[in-house]
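These notes are about the structure you will find just below.
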Amino acid sequence: MKSFSLAKPSLLILAILAASACSNEQNIQAVDRVEEAAAIARVQGLEARAEQLKNDMPAATEVSAGVATGSTAGAKPTIQMPDESTIPDDEYGAAVRRGLQIANHTYKELPDNVGNQLNCTSCHLANGSEAFAAPWQNMPSIYPIYRTRAGRINTIQERINGCFERSMNGTALDLGSDDMNAMVSYMAWLSKDMPYGVSPEGRGFVKVDKSLEPDTVNGEKLFAEKCSVCHGVDGEGQYNDDGTYVFPAVAGDKSFNDGAGMARTYTAASFIKGKMPFGQGNTLTDQEAVDIAGYFTHLPRPVKANKDKDWPNGDAPKDVRR
Ligand code: HEC
Ligand code: HEC
108 MKSFSLAKPS
118 LLILAILAAS
128 ACSNEQNIQA
138 VDRVEEAAAI
148 ARVQGLEARA
158 EQLKNDMPAA
168 TEVSAGVATG
178 STAGAKPTIQ
188 MPDESTIPDD
198 EYGAAVRRGL
208 QIANHTYKEL
218 PDNVGNQLNC
228 TSCHLANGSE
238 AFAAPWQNMP
248 SIYPIYRTRA
258 GRINTIQERI
268 NGCFERSMNG
278 TALDLGSDDM
288 NAMVSYMAWL
298 SKDMPYGVSP
308 EGRGFVKVDK
318 SLEPDTVNGE
328 KLFAEKCSVC
338 HGVDGEGQYN
348 DDGTYVFPAV
358 AGDKSFNDGA
368 GMARTYTAAS
378 FIKGKMPFGQ
388 GNTLTDQEAV
398 DIAGYFTHLP
408 RPVKANKDKD
418 WPNGDAPKDV
428 RR
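Residue numbering for the sequence shown follows our numbering, beginning at 108 and increasing consecutively.
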């Protein structure tokens, strides 16, 4: 099972790499091959697929360790948000629109499930469609995947709820609720021009060197210089009268909790290296990003209950909060 499941995708990937070096017409074929490779991986079971997807995974990935099977990076589809006029005028389209509304106005739309003052798009920038800001294209065809934090396979609905309980410091949506369906519908529509099951360009965040140690004294100084003008001196954010933010909180009770991915030094460093200061992504060095992240992630913030149940197999990364 094992050797069989690895051999075939590797050959296909070689074919993809060869094809993608050629002309336009062959590029169209290369995309077909990506679909083919993904389809084979799927029928061979989730373990083989997780291994293959691992090669496309970003710095802060949470997929289980696996054997490298080659890279599909050369064939990675570029991502963009489809034109909103292509949202159909039917029940599916209504769910897509609701999902888009929730993504951008999560705090206002779902007060029972959101315990801070953030929106999904506070981190999943540009409607969840921006490369290196953990874009959502193809999430409904990439999940379910095995995640080491949970120690089990997670569906896309469970992954979304992970961000509700941590990034939003809130509570899970009912898995079968209309609003959960709307979020998944929106992600499916975002993916409509993508080959099935393939990681989007810029999945997750840019990489930073995780061997760097944070200097939080320098981080505090840099935060004051480069971040506090928008996010506030203590990272508390800035607000309109109705409680929606002008600039979101990166610390304090209106921010994500200490069980969130963004509360981990190297995950936060990856995000801010690629995307912050807002509009000036990729201007910080790795060391500066790690220093700033080590500082602001450890400012006071909501505490996630039952964090000790995360990473049940004892394989927690070094920046996980306990
Ligand atoms: C405070 C920042 C933050 C907010 C707010 C947030 N997320 Fe996330 N989200 C993350 C981080 C960090 C990851 C992990 C990225 C990685 O693995 O590199 C993530 C991952 C995800 C993924 C999986 C991405 C992948 O490539 O596997 C999905 C889906 C997702 N979030 C959905 C949501 C939804 C829906 C909301 C709103 C209810 C939300 N997130 C709010 C930070 C956030
Ligand atoms: C010019 C204003 C501005 C500056 C300067 C800025 N940010 Fe942001 N930041 C934003 C905006 C705006 C968003 C949310 C985007 C949205 O809602 O569409 C954001 C989002 C974030 C988020 C994810 C959401 C949250 O609240 O947790 C983090 C973390 C973050 N910024 C950290 C930083 C850090 C660290 C710096 C300094 C290196 C920085 N930002 C500098 C405007 C800024």
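C-beta: ideal position from N, C-alpha, C; glycine also.
Report yes if the C-beta distance between residue i and residue j is below 8 Å; otherwise report no.
| i | j | result |
| --- | --- | --- |
| Pro409 | Asp360 | yes |
| Asn226 | Thr213 | yes |
| Thr372 | Val397 | yes |
| Ser229 | Tyr303 | no |
| Asn220 | Thr262 | no |
| Arg429 | Ala367 | no |
| Gly309 | Phe378 | no |
| Asn329 | Met188 | Checking the sequence, you will find Leu at residue 329 rather than Asn. It is not a contact, given that the beta carbons lie outside the stated cut-off. |
| Ala453 | Gly311 | Because the chain here runs from 108 to 429, residue 453 falls outside it and cannot be looked at. |
| Gln264 | Met294 | no |
| Tyr67 | Arg266 | The requested residue 67 does not occur in the structure, where the chain is confined to residues 108 to 429. |
Less than 7 Å separating the Cβ of residue i from some heavy atom of ligand 2?
| i | result |
| --- | --- |
| Leu406 | no |
| Thr228 | yes |
| His338 | yes |
| Pro251 | no |
| Ile399 | yes |
| Leu430 | The question about residue 430 has no answer here: the residues shown for the chain are numbered 108 through 429. |
| Ala375 | yes |
| Pro355 | yes |
| Met246 | no |
| Phe330 | yes |
| Met301 | no |
| Met287 | no |
| Met275 | no |
| Ser362 | yes |
8 Å is my cut-off, CB to CB: does residue i come that close to chain B?
| i | result |
| --- | --- |
| Ser335 | As a matter of chain content, chain B is missing from the structure shown, which is built from one protein chain. |
Could you tell me whether any non-hydrogen atom of ligand 1 is closer than 7 Å to the CB of residue i?
| i | result |
| --- | --- |
| Arg259 | no |
| Phe312 | yes |
| Trp296 | no |
| Cys334 | no |
| Ile267 | yes |
| Met188 | no |
| Ala233 | no |
| Trp418 | no |
How long is the line joining the alpha carbons of residue i and residue j, rounded to whole angstroms?
| i | j | result |
| --- | --- | --- |
| Gln224 | Asp197 | 32 Å |
| Arg204 | Val353 | 23 Å |
| Ala331 | Gly258 | 38 Å |
| Asn276 | Ala210 | 15 Å |
| Thr185 | Val315 | 22 Å |
| Gln345 | Thr404 | 18 Å |
| Met290 | Lys382 | 24 Å |
| Ser292 | Asn364 | 27 Å |
| Cys129 | Thr255 | Its pLDDT being 35, under 50, Cys129 is placed unreliably by the model, and the measurement read from it follows with that caveat. The alpha-carbon atoms of Cys129 and Thr255 are separated by roughly 38 Å. |
| Trp418 | Ala201 | 37 Å |
| Leu217 | Ser284 | 12 Å |
| Ala358 | Ala376 | 15 Å |
| Gln244 | Ser306 | 8 Å |
| Gly326 | Tyr402 | 5 Å |
| Met301 | Val340 | 42 Å |
| Pro355 | Gly342 | 8 Å |
| Ser192 | Asn389 | 32 Å |
| Lys299 | Asp190 | 11 Å |
| Asn420 | Gln208 | 37 Å |
| Glu237 | Ala370 | 21 Å |
| Glu395 | Thr323 | 10 Å |
| Thr392 | His338 | 20 Å |
| Lys317 | Leu232 | 24 Å |
| Gln387 | Pro321 | 21 Å |
| Glu412 | Ile260 | Per the sequence shown, the amino acid found at residue 412 is Ala instead of Glu. The alpha-carbon atoms of Ala412 and Ile260 are separated by roughly 22 Å. |
| Lys215 | Lys416 | 30 Å |
| Gly206 | Pro407 | 31 Å |
| Tyr199 | Leu319 | 46 Å |
Please classify residue i: is it buried, with 16 or more other beta-carbons within 10 angstroms of its beta-carbon, or exposed?
| i | result |
| --- | --- |
| Thr176 | Legend: pLDDT at Thr176 = 33, less than 50; position of this residue unreliable, value from coordinates given subsequently. When all chains shown are included, Thr176 counts as buried. |
| Leu280 | buried |
| Phe385 | exposed |
| Thr107 | Only positions 108 to 429 of the chain appear in this structure, which leaves residue 107 out of reach. |
| Thr374 | buried |
| Ser362 | buried |
| Asp426 | buried |
| Gly222 | buried |
| Asn268 | buried |
| Leu282 | exposed |
| Lys380 | buried |
Length at least 3, wholly inside the region 330 to 409: the beta strand (DSSP E) runs in chain order: Here the runs fully enclosed are 352 to 354.
Those runs of the alpha helix (DSSP H) which lie wholly inside the region 255 to 330 and span at least 4 residues: 263 to 272 and 285 to 297
Whole runs of the alpha helix (DSSP H) within the region 186 to 269, excluding any shorter than 4 residues: 198 to 211, 213 to 216, 232 to 235 and 246 to 249
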